[in-house]
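Visitor: Structure provided below as structure tokens; questions to follow.
There are 2 protein chains.
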Amino acid sequence: MNGATQQLARFVAASRWSDVPRNVQHEAARAIMNWLGCAIGGCRDRTVEVMVAALRDFSGPPQASLLGRGERFDALTAACINGTSSNRLDFDDTHLRTVIHPSVPIASALAALAEYRPLTGAGFLHAFVLGVEVECRVGNAIAPEHYDRGWHITATCGVLGAAAAAAKALELDAHRIASAIGIAATQASGLMEMLGTMCKSYNMGHAARNGLSAAFLAEAGFTSSPRALEAPRGFLNVLAARNDEAEITTDLGSRWELTHNAYKPYPCGIVIHPVIDGCLELRQEQRIDPPAIVAIEVDVNPLAQTLCGRKTPRDSLEGKLSLYHSAAVALLDGEAGVRQYLDERVRASDVAVLREKVVVNTDAAIATDQARIRVALANGASHETFVEHARGSLARPLTDAELEAKFRALAAAELSPPRIDRLAEQCWSLERQADASVIARGSFSG
Amino acid sequence: MNGATQQLARFVAASRWSDVPRNVQHEAARAIMNWLGCAIGGCRDRTVEVMVAALRDFSGPPQASLLGRGERFDALTAACINGTSSNRLDFDDTHLRTVIHPSVPIASALAALAEYRPLTGAGFLHAFVLGVEVECRVGNAIAPEHYDRGWHITATCGVLGAAAAAAKALELDAHRIASAIGIAATQASGLMEMLGTMCKSYNMGHAARNGLSAAFLAEAGFTSSPRALEAPRGFLNVLAARNDEAEITTDLGSRWELTHNAYKPYPCGIVIHPVIDGCLELRQEQRIDPPAIVAIEVDVNPLAQTLCGRKTPRDSLEGKLSLYHSAAVALLDGEAGVRQYLDERVRASDVAVLREKVVVNTDAAIATDQARIRVALANGASHETFVEHARGSLARPLTDAELEAKFRALAAAELSPPRIDRLAEQCWSLERQADASVIARGSFSG
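In the order they appear, the protein sequences are chains A and B.
The first sequence: position 163 = 163 (our numbering), numbered continuously.
Just remember that our numbering sits 1000 ahead of the position in the second sequence, which is counted from 1.
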């Protein structure tokens, strides 16, 4: 058999770390640092607290840590909770073509695995790169229909990536890697309807857990269809009527999806980012005094309004999907960080007043990483700016230093400065670490 | 809000056991007995052994028993393994309109719950009836497109039924029951491509586990979309472009889907059953000597050939989906029980020889519970019969005594006759048992 399932499995089995180009290897370290910061920053969210309360009684032995928190659960439960916490702030990475957030399901599965079975830092990064490749290539094959239909593509493809990555980390052969991918394929799930509810990030946690358990089942000899992806009633056809299997197999080993990964400077819907850039720029360069603002006009791509058009968000989850809220806090606070999307800031009266002054216009000629902002002031003055590419877009990526600064700001919620220094250093040097579990074990104090 | 999600949740919350008609109450006891026998009969299958080996290390405290086996795992893991074992023999029940096997996901979730939290026998049966109602009504709303597309409908709808049933057993209010249904909806998964592999029954176990965990998450306050089923990007639209929400809500409380449930007399694909009936009848009434057979001609509905047309099955899993194998063993052995579908019987040379003599013709004028069989003998004689309705069909249901005999045959693999007597009695009297966990605790020896 030579369909996508088997080709992917053979590619994953045969790959050596030295086959991975240096820029892709470095991108893996960047992605892990970004993911880990998000996990630590999100670890005390109410979504996570409720999950821990509900699942604690069913957990097995203390095999793996909750990132940022330190409680130890069985590896599958830890993968599930860490997958949820690392997505919860909506601050994780984005594969722009598919809108997959690649790292969360895969890194969460691997981090739990690394505390349970021996895994080197290079082994972790290598498995991660291959998992992203599986996840995003399958995403390419089913986009855009799959996402448009209402599937939460990070979850449905993430479980495949997590399974492939964990299977590689377990050093399974191609036959068992294919089984792991198949076991994951029949567990692919996740509805976009869950946006704005706790289930949204749980979709990711569920994918991490199921991907990891698929690898353990495959290791034990559990069987699946050898054509799980491409068969007439397999993943591709069932989850997207229009799909292209060749997207999965073309240029395997020469084209790397991780090079198309972007990191968010702001913890909210990515289509909002150029608006925040423009508001921050106007505030700083024009020294705008927020009380003097009488109107804020925002021109964006229609997709931004579709995904993030919530005019009156009621809480953090909805605030992250609101162009209106984001423009208001950027102009009021001069930043758009985790604090600007907490419940209390979303409900603050000064924000509500300014939100009311925001008008959003849509224009298909404006790209999703562009925005035009006009601010009218009480004295009759008006200021305007056009953002050509949002910060964090592929055309204007975050530098290593910016990524580390983001990581440090997120980690500060749980860790002292010396511990943050050490953990940042361990992320950058992960390739040389003998034991990849340093990452999880260094993510909490105590 | 008054969509299907909320209407179902309010119905489940408000229902009292005394609201359930007597015939439906009795059907629940029949379904539980049938399901329990299947779980005990399937509990040593290799699929189950591999699952136990792979998942054992991650299990939490010993909260619930593996049916038939007795090892104790955390309730979620036990639900998963029991959901797999009780489907493994392909001997469980069938809601004919949707081809859902209703009991497996729901009863497996409830049995694990009953060992972990207090639950009376009547509470178990009541939650079961309501879970079946949720599961099969959602199935009605998305059939036939959903199944035709390649979804394993027992898994995708089973997780909803398991969640609703467990939420009722936990005595959650309507709001939290709706959350449980929503949490389950975003975990709905399962591909038909998995037929013939270990993943096929795992789809059911996964549904049982996820439905049960959805109820525990909802109990703890986890949120989901209040329109998880009917929203534009909710379960119905994403999993079936053509769907009918009214199927879910019409006649709630007056029409009961459990009355459309059928029980298999043979552990194989249901469309094969009339062929087995005909072969057994000819063998007995015509005293056919198998070596004298030169040809067996079988006329069936085209669906039977599509689903079960495997001419040369290689193992038990494939044998259960083979008209050819089934006709051969029925004529050779004079029965078609668990033993006739073991690997060794599927691979036996006498069976292979007779299988070669089977010819299948399809005829759309023949219903799926009908078949015509012609057997030609070496002496020139020929015998023919037409089966009007298969045994176990709704037109010719198994009697209580036949169901109990099936249960006894299955349970004999693990239990002594006195224990079987006691367990059968506990099933029939479940409504009056103070503690529903008697079922799981009585299912193994030791």
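Glycine residues also receive a C-beta, built at the ideal position from the N, C-alpha and C atoms.
Predicted model, so just to flag it, every value in this text is computed and none were measured.
#1: Keeping to the same chain, check which residues put their C-beta closer than 6 Å to that of V359(A); ignore five residues upstream and five downstream.
#2: Closer than 8 Å, CB to CB, is Q1305(B) near chain A or not?
#3: Answer yes or no: does any C-beta atom of chain B fall closer than 8 Å to that of L377(A)?
#4: State the beta-bridge partners of L1377(B) as determined by DSSP.
#5: Please compile the residues from chain B whose C-beta is within a distance smaller than 7 Å of the C-beta of A79(A).
#6: Considering Cα atoms alone, identify which of Q1370(B), V1020(B) and A1165(B) is closest to G1211(B).
#7: What separation, rounded to the nearest whole angstrom, lies between the Cα atoms of L403(A) and G380(A)?
#8: By DSSP, does I100(A) sit in helix, in strand, or in coil?
#9: Taking R1149(B) as the query, report the chain A residues whose CB atoms sit under 9 Å from its CB, ordered along the chain.
#10: Of the choices E425(A), A292(A), P61(A) and V338(A), whose alpha-carbon is the least far from that of C268(A)?
#11: At which residues does the beta strand (DSSP E) containing H1383(B) begin and terminate?
#12: Assuming L354(A) and P417(A) are in contact, meaning their beta carbons sit under 8 Å apart, how far apart are those beta carbons, in whole angstroms?
#13: Using a Cβ cut-off of 8 Å (strictly closer), state whether D1074(B) contacts chain A.
#14: Which residue comes first and which comes last in the alpha helix (DSSP H) that contains V1138(B)?
#15: What's the call for R233(A), buried or exposed, on a 16-neighbour Cβ count within 10 Å?
#16: Pick from C1199(B), A1330(B) and D1173(B): whose alpha carbon is nearest that of R1010(B)?
#17: Looking at chain B, is there any beta carbon in it that lies within less than 8 Å of the beta carbon of F216(A)?
#18: Could you give the DSSP three-state label for G1309(B): helix, strand or coil?
#19: For the region 47-66 of chain A against the region 76-87 of chain A, do three or more pairs of beta-carbon atoms, one drawn from each stretch, fall closer than 8 Å, so that the two count as touching?
#20: Going by DSSP in three states, A1405(B) sits in which element: helix, strand or coil?
#21: Does the distance from the C-beta atom of Q25(A) to that of E431(A) stay below 8 Å?
#22: Can you name the residues that DSSP bridges to H1095(B)?
#23: For F1128(B), collect the residues of the same chain with a Cβ closer than 8 Å to its Cβ; drop the 5 residues on either side in sequence, then sort them by chain order.
#24: Rounded to the nearest angstrom, how far is the Cβ of R391(A) from that of H273(A), given a contact under 8 Å?
#25: Pick helix, strand or coil for T362(A), following the three-state DSSP scheme.
#26: Please tell me whether L423(A) and S445(A) are closer than 8 Å, where the distance is taken between their beta carbons.
#27: What residues in its chain sit with their C-beta under 7 Å from that of E1135(B), if we drop five residues either side in the sequence?
#28: Check whether the Cβ atoms of C1199(B) and G182(A) sit closer than 8 Å, and answer yes or no.
#29: With a cut-off of 8 Å on the beta carbons, I'd call A169(A) and L119(A) a contact; round off their distance for me.
#30: Run down chain A in chain order and give the residues with a C-beta less than 7 Å from the C-beta of F1058(B).
#31: Rounded to a whole number of angstroms, what is the C-alpha to C-alpha distance between P226(A) and A180(A)?
#32: Using a beta-carbon distance cut-off of less than 8 Å, what residues from the region 94-107 of chain A approach chain B?
#33: Closest by CA to M1192(B), which one among A178(A), S201(A) and E230(A)?
#34: For R88(A), does the count of other Cβ atoms within 10 angstroms reach 16, so buried, or fall short, so exposed?
#35: Quick check: is the beta carbon of I1183(B) nearer than 8 Å to any beta carbon in chain A?
#36: Check this for me: beta carbons of H1206(B) and A1246(B), under 8 Å apart or not?
Guide: In short:
#1: Taken in chain order, the residues that qualify are E297.
#2: No, no contact with chain A.
#3: Not a single CB atom of chain B sits nearer than 8 Å to the CB of L377(A).
#4: Bridge partners of L1377(B): I1293(B).
#5: Correct list: empty, because the minimum Cβ distance to chain B is about 10 Å.
#6: When each option's Cα is compared against that of G1211(B), the closest is A1165(B).
#7: Computed Cα separation, rounded: 39 Å.
#8: It is a strand residue.
#9: Neighbours of R1149(B) in chain A, taken as residues whose beta carbon is under 9 Å from its own, are R233, N237, V238 and A241 in chain order.
#10: It is V338(A).
#11: DSSP places H1383(B) in the uninterrupted beta strand (DSSP E) bounded by S1382 to V1387.
#12: Actually they do not touch by this definition, with Cβ atoms about 34 Å apart.
#13: For D1074(B), the closest Cβ of chain A is nearer than 8 Å.
#14: That run of the alpha helix (DSSP H) goes G1121 to I1142.
#15: With 16 or more neighbouring CB atoms inside 10 Å of its own CB, R233(A) falls in the buried class.
#16: Comparing alpha-carbon positions, the option among C1199(B), A1330(B) and D1173(B) lying closest to R1010(B) turns out to be D1173(B).
#17: For F216(A), the answer is yes, since a Cβ of chain B falls inside 8 Å of its Cβ.
#18: Per DSSP, reduced to three states, the secondary structure at G1309(B) is strand.
#19: As far as the Cβ criterion goes, the region 47-66 of chain A touches the region 76-87 of chain A, which means the pair count is three or higher.
#20: Looking at A1405(B) - three-state DSSP - the assignment turns out to be helix.
#21: With respect to the 8 Å criterion, Q25(A) and E431(A) are classified as neighbours on the basis of their beta carbons.
#22: H1095(B) is bridged to I1100(B) and N1261(B).
#23: In chain order, A1028, A1031, I1032, S1103, I1106, A1107, L1110 and A1165 place their CB closer than 8 Å to the CB of F1128(B), counting only its own chain and leaving out the 5 sequence neighbours on each side.
#24: Contact flag correct, Cβ pair sits at about 7 Å.
#25: T362(A) falls in the strand class under three-state DSSP.
#26: Taking 8 Å as the Cβ cut-off, L423(A) and S445(A) do not qualify as a contacting pair.
#27: Within the same chain, and ignoring the five residues on either side of E1135(B) in sequence, the residues whose Cβ sits closer than 7 Å to its Cβ are I1100, P1102, I1106, C1157, G1158, L1160 and G1161.
#28: Contact flag set, yes.
#29: With a Cβ gap of about 5 Å, A169(A) and L119(A) count as contacting.
#30: Going along chain A in sequence order, the residues near F1058(B) (Cβ under 7 Å) are G60, D74, A75 and L76.
#31: Across the structure, P226(A) and A180(A) are spaced so that their CA atoms are roughly 10 Å apart.
#32: For the region 94-107 of chain A, which is checked against every Cβ of chain B, not one residue is closer than 8 Å.
#33: The shortest CA-to-CA distance from M1192(B) to any of A178(A), S201(A) and E230(A) is the one to E230(A).
#34: R88(A) is buried by the Cβ-count criterion.
#35: Chain A contact via Cβ: present.
#36: Their beta carbons are not under 8 Å apart, which means H1206(B) does not touch A1246(B) by this criterion.
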